[in-house]
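Here the structure comes first, spelled out in structure tokens, and everything after it is commentary.
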Amino acid sequence: MRCSKGQKIVPEDSRTQSQKSNFAGQNGLFREKKKRTCCLCCSLKEAVRTWFALRHWRDWLQGDGRGQLVSLLAAAVILIGSGTVVWSAIGGDENANSSWEQSSWMSWGLFFDPGTQTGVSAGAPTKVKATALIFSVLGFLYNLTFLGIIVEWIRSSMDRWSKTKSRIWYGNHILILGWSEKTLYLLNELFEALRSSGDFSVSVVVLAEREVSEMHQEVQQHFYQIWEGLSFFDRRWRLLNSLKLREGITHEGDSLERAGASHAQEIILLSREGDQRNADLETVRVMVALSSLRQPVKCKVFAEVQMHEVETVLRRLHPDPTGTQVIHARAACSHILSLLATDQTVGGMITDLCSFTSGEELYVIQPLPEWQTFGQARKAFDRAVCIGVEATKPVVNAHGTRIDLCPSDDRPMEAQERLLVMASNWADVEAPTSSLFHWRSVDPDFMPSTLVSGEPDVFSKAANARSSSPTPVDAEGARKRVYVVIGWPADFAEVLALLDEKVPPGTEVHVLSERTEPQRIALCAGKGQRKLRNIELQHLVGPRTSRKMLEQLPLEKALDGVDGESQPGAILILAQLASQFMDLSEQIADDDEVGDDTLTCDSACLTSLLVIADILGENCGPRTSTPEACELLEARTYSLEAVSQKKSKIICEVLDPRTERVLWRNENLKKMAYFFRSKALETGIFMMAMSEPAVFNTLMILMSPSCPSLQVRPVQEFLPPRDTVAAFDEDAKEAKTWRELSDTVRKRGGLPAGGMEIPKRGVSTWQG
1 MRCSKGQKIV PEDSRTQSQK SNFAGQNGLF REKKKRTCCL CCSLKEAVRT WFALRHWRDW
61 LQGDGRGQLV SLLAAAVILI GSGTVVWSAI GGDENANSSW EQSSWMSWGL FFDPGTQTGV
121 SAGAPTKVKA TALIFSVLGF LYNLTFLGII VEWIRSSMDR WSKTKSRIWY GNHILILGWS
181 EKTLYLLNEL FEALRSSGDF SVSVVVLAER EVSEMHQEVQ QHFYQIWEGL SFFDRRWRLL
241 NSLKLREGIT HEGDSLERAG ASHAQEIILL SREGDQRNAD LETVRVMVAL SSLRQPVKCK
301 VFAEVQMHEV ETVLRRLHPD PTGTQVIHAR AACSHILSLL ATDQTVGGMI TDLCSFTSGE
361 ELYVIQPLPE WQTFGQARKA FDRAVCIGVE ATKPVVNAHG TRIDLCPSDD RPMEAQERLL
421 VMASNWADVE APTSSLFHWR SVDPDFMPST LVSGEPDVFS KAANARSSSP TPVDAEGARK
481 RVYVVIGWPA DFAEVLALLD EKVPPGTEVH VLSERTEPQR IALCAGKGQR KLRNIELQHL
541 VGPRTSRKML EQLPLEKALD GVDGESQPGA ILILAQLASQ FMDLSEQIAD DDEVGDDTLT
601 CDSACLTSLL VIADILGENC GPRTSTPEAC ELLEARTYSL EAVSQKKSKI ICEVLDPRTE
661 RVLWRNENLK KMAYFFRSKA LETGIFMMAM SEPAVFNTLM ILMSPSCPSL QVRPVQEFLP
721 PRDTVAAFDE DAKEAKTWRE LSDTVRKRGG LPAGGMEIPK RGVSTWQG
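Residues 1 to 768 in full-length UniProt numbering are what the sequence shown spells out, letter by letter.
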């Protein structure tokens, strides 16, 4: 046999070849060890194979858990063995001589117990003390490493067990499934509702497909900012500290059982932002998982949906009508937006009432036996206003509810009826707490599906009886209005339909959006929108943040109107998600990171607001030619004064709670527009629906055209014809209390409610 260079190689016998083929494994860690040859090329090949074998060994010893254990054991044997050899070589001392037995024992002591070196006397030879010092330090470092590995293994095991084995053992808790941009708003509403009811024993559990650390960080950042003025002893901190965050799959049975779904007091499912159908399908998946648990769910399930047809599907999963409450809060939110666009005073009042955090709330109380009529009950309050009665039978034009708003003073009070009272807090009601119902009703099963499901007919004049009181359109005359809308949200067709019923004929609505006109028409047709009677749509296609496109809109006309031609309208900057202006046929993948799309949307809305501020402030002072980016920044300064005067007519929608935290401390931005917190409002309406049915029904009827319309009226209409301030002061001499002032206004056909006045045939806000 010859190699490539012609050198002769002596053949090997069979015995030598058999010795070379030991420990050949499948993983390649043990390779055949060939005999070194005299050829240079063969030697290089052998060296390469040897290097690869050593690399595999090194990877196994350092990267594999068992290999690491073998490495540690080998290191221990080497340290103990070398210590034995060195101790025997130096001759030992009086505690252990140089024999192998005593040397190995001394080496073990120095390795395992650092205190063994203290047994060496101070007068021992230097080589003995040096040996004891070196091997004692090496043994101490080794044991620290080994104990650290054990601690790390125990910690990782406990973390794994806490994720896979932990469960909620206590019951009677509120379980929130999923995490979205509304979760922080929901927690805030829950804490405020529990505080107002005085129930601090209820725990809140959140189950979501998200890291617990991320959820905990968002909760801390949100509440530490909005509660920065609270006292350390405020009991709301106790509710926050009792919050339990869990990571798990919301539509998996095991995760639901470990979260205590079968023993919960209530289960809440909030709809996510994005495609309506996909969001409702996710809700259906969760409801299917809840109905398939080994221990059936016996508590109430409150689910928010975006499409009305999903309600029937969810109710089939839980046939008990009191077991599942399907709530559609978006329709009411769209109606409030249309109210803000036409009458911000009325819309702002409704917005404050639709939340536990705003300070103005509705309460339901049991009347006292001596209150025989509604007039006697109304006069019994000094700092609160009684606005109606929850009757024992359904009321006409109340959508099947028992809410009777603003009845006559001689209306008799029957047994089992309750009063609806508006106040700043429960202390102003001045009623026994045992008779006050604000968070949980004595009749929690009564909840009409017509109002809760958000049917458009609830807020439509066409399907309701027209009130005899004049509407805002009739009172203002036939002059048209001009509105400018930035963005086309997915449900903008509903907003247009509601706005069409509140504006005079010929009203112009100029819409700027990235959507094309055929896409807008297709979306309106898909929503089943009827033909607009009073609104004339003017379409403009282009980027919402482009100054060139925004300058083509009649911004000044929308804010100030034109004498003899049009009334002032409003500028609406609506949130349009990034996926909503793409082609309708394209499939938009959901973002894994919750809120990133809403943050981008809020940034676009704020940018549009700043550009509009710059355009409106052009005539407020001299300007110098600067780049467009600098002009955008200057809008915060020289345009602020001009835009602040028109703040009530510019409505900017924001979605994400992180954007709200930014606005919380930015005084300049807060002066530029009225920020419509749509997701917070939807959450507040959702909480009202699940908290006290009578309160929710009252709010929905107040917004329904079947109720006497809400109007803004000057105080001169209800006081003697004289100077406003003098008249108010003169009346104040006679009306020294709120009860007496209420009687004075009641004689003129009204009912004052703080900054509002509710006539016998209508509800009017007054300014004084």
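Using N, Cα and C, we set each Cβ at its ideal position, and we do this for glycine too.
Per-residue DSSP class, three states only, for R246: strand
Nearest-angstrom Cα distance between A415 and K182? 40 Å
Just the C-alpha distance for A575 and H539, rounded to the nearest angstrom, thanks. 17 Å
Along the chain, where does the alpha helix (DSSP H) that runs through M413 open and close? Careful: M413 lies outside any alpha helix (DSSP H) and carries neither H nor E.
With DSSP collapsed to three states, give me the class of V313. helix
Going residue by residue through the region 499 to 527, where are the continuous alpha helix (DSSP H) segments of at least 4 residues, counting only ones entirely within it? 517 to 526
Is there at least one non-hydrogen atom of the ligand ZN closer than 6 Å to the beta-carbon of E252? This structure does not include the ligand ZN; it has no bound ligands of any sort.
Quick check: what's the CA-CA separation for M687 versus L190? 8 Å
Pop quiz: V484 and L405 are said to be a contact at Cβ under 8 Å. What is the actual Cβ separation, rounded to whole angstroms? That pair is no contact at about 35 Å.
Once DSSP output is grouped into helix, strand and coil, what is the label at F302? strand
Contact set for C248: own chain, Cβ-Cβ below 6 Å, skip 5 residues either direction: Position check: residue 248 holds Gly in this sequence, whereas Cys was assumed. L207, S255.
CA-to-CA distance, S678 to G198, given in whole angstroms: 28 Å
Within its chain, find whatever has a CB closer than 6 Å to the CB of C386; leave out the 5 residues flanking it on each side and keep chain order. A377, R378, L419, V421
Quick one: residues in its chain with C-beta nearer than 7 Å to the C-beta of A380, no 5 flanking neighbours on either side, listed in chain order? W371
Exposure of T659, with buried meaning 16 or more beta-carbon neighbours within 10 Å: buried
If you draw a straight line from the alpha carbon of L553 to that of H510, how long is it in whole angstroms? 7 Å
According to the neighbour-count rule (16 or more other Cβ atoms, all chains shown, within 10 Å of its Cβ), is A89 buried or exposed? exposed
Name the DSSP bridge partner or partners of L572? V485, I651
Taking 7 Å as the threshold (C-beta atoms), are L72 and F111 in contact? no
Contact set for I134: own chain, Cβ-Cβ below 8 Å, skip 5 residues either direction: none
Could you check what DSSP says for S71 in three-state terms: helix, strand or coil? helix
Excluding the five sequence neighbours on either side, which residues of its own chain have a C-beta within less than 6 Å of the C-beta of L599, listed in chain order? D656
Let me check one thing: in DSSP terms, what residues is E390 bridge-paired to? I403, R418
Since L175 and A289 are thought to touch, with beta carbons under 8 Å apart, how far apart are those beta carbons, to the nearest angstrom? L175 to A289, Cβ: 13 Å. No contact.
7 Å Cβ cutoff met for I615 and I486: no
Inter-residue Cα distance where the pair is R246 and A259: 8 Å
Which residues does DSSP list as the beta-bridge partners of L177? L207, L269
Assigned exposure category for Y185 - 16 Cβ within 10 Å defines buried: buried
CB-CB length for S103 against T84, believed under 8 Å: 5 Å
Looking at the structure shown, is L362 part of a helix, part of a strand, or coil, going by DSSP? strand
Which word fits V151, buried or exposed, when buried means at least 16 other C-beta atoms lie within 10 angstroms of its C-beta? exposed
How far does the alpha helix (DSSP H) with R661 in it extend, from its first residue to its last? 657 to 665
Is DSSP giving F676 helix, strand or coil here? strand
Taking residue 795 as the reference, give the member of L138, E273, I149, P543 with the closest Cα. In the structure as shown, the chain starts at 1 and stops at 768, and residue 795 therefore has no counterpart that could be examined.
Count the CB pairs spanning the region 261 to 271 and the region 304 to 315 that are closer than 8 Å, and state whether there are at least three. yes
Buried versus exposed, by CB contacts within 10 Å (16 or more), H222: buried
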